[in-house]
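First up is the structure itself, then whatever we jot down about it.
Residue numbers (our numbering): 35 to 180.
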């Protein structure tokens with residue numbers, strides 16, 4: 035049997051030290067000018083209009099809005115996940131040890147190129163250090179599959 039507790043994330047785990055309310059100034063994506071007219075233009079891929087007569091660039095009433103610095107998030111809640119933690123990408127167990135004193139502020143996220151074997155070691159050590167791992171189930175096979 036492996037050292038990973040199957041019920042680990044279900045038990046009362048680590049909670050953030052402070053969980054401020056995250057307020058977004060805008061949640062909708064910015065739409066690219068004339069993307070509704072041409073199918074080859076993706077709606078989600080924003081490009082700044084550069085034309086001399088362009089009404090979006092000139093900010094005419096009723097046109098698509100352009101991204102600007104004013105839409106930026108609050109400095110205190112920037113990069114915060116909805117659960118109140120900041121993400122920290124971990125590649126190995128020593129990386130995880132860095133979060134020892136910061137386990138109420140940062141949650142570990144195992145990098146995508148880490149093997150299943152190393153993942154198991156990282157998750158096991160995170161349990162011991164009481165560190166939250168966001169993607170602890172990734173590449174994790176149950177005992178029957180082996």
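We put the CB at the ideal spot given by N, CA and C, even for glycine. As the structure is a computational prediction, the values presented were derived from the model and not from experiment.
Spatial distance of residue i from residue j (CA atoms)
i           : j           : result
residue 52  : residue 138 : 8 angstroms
residue 68  : residue 75  : 8 angstroms
residue 161 : residue 107 : 32 angstroms
residue 90  : residue 105 : 17 angstroms
residue 165 : residue 64  : 36 angstroms
residue 97  : residue 113 : 30 angstroms
residue 94  : residue 61  : 22 angstroms
residue 72  : residue 56  : 36 angstroms
residue 155 : residue 136 : 20 angstroms
residue 59  : residue 109 : 13 angstroms
residue 1   : residue 152 : The structure shown does not extend to residue 1, since the chain spans only 35 to 180, so no value can be given for it.
residue 79  : residue 128 : 38 angstroms
residue 123 : residue 86  : 44 angstroms
residue 115 : residue 159 : 22 angstroms
Residue i classed as buried or exposed, judged by whether at least 16 other C-beta atoms fall within 10 angstroms
i           : result
residue 133 : buried
residue 92  : exposed
Nearest candidate by alpha-carbon position, reference residue i, set the options
i           : options         : result
residue 172 : 144, 54, 163    : 144
residue 125 : 76, 169, 58, 71 : 169
residue 47  : 119, 174, 62    : 119
Cross-strand partners of residue i (DSSP beta bridge)
i           : result
residue 167 : 142
residue 122 : 142
Test item: CB-CB of residue i and residue j under 8 angstroms
i           : j           : result
residue 167 : residue 157 : yes
residue 181 : residue 111 : What is shown of the chain runs 35 to 180, which leaves residue 181 out entirely.
residue 121 : residue 141 : yes
residue 174 : residue 130 : no
residue 100 : residue 82  : yes
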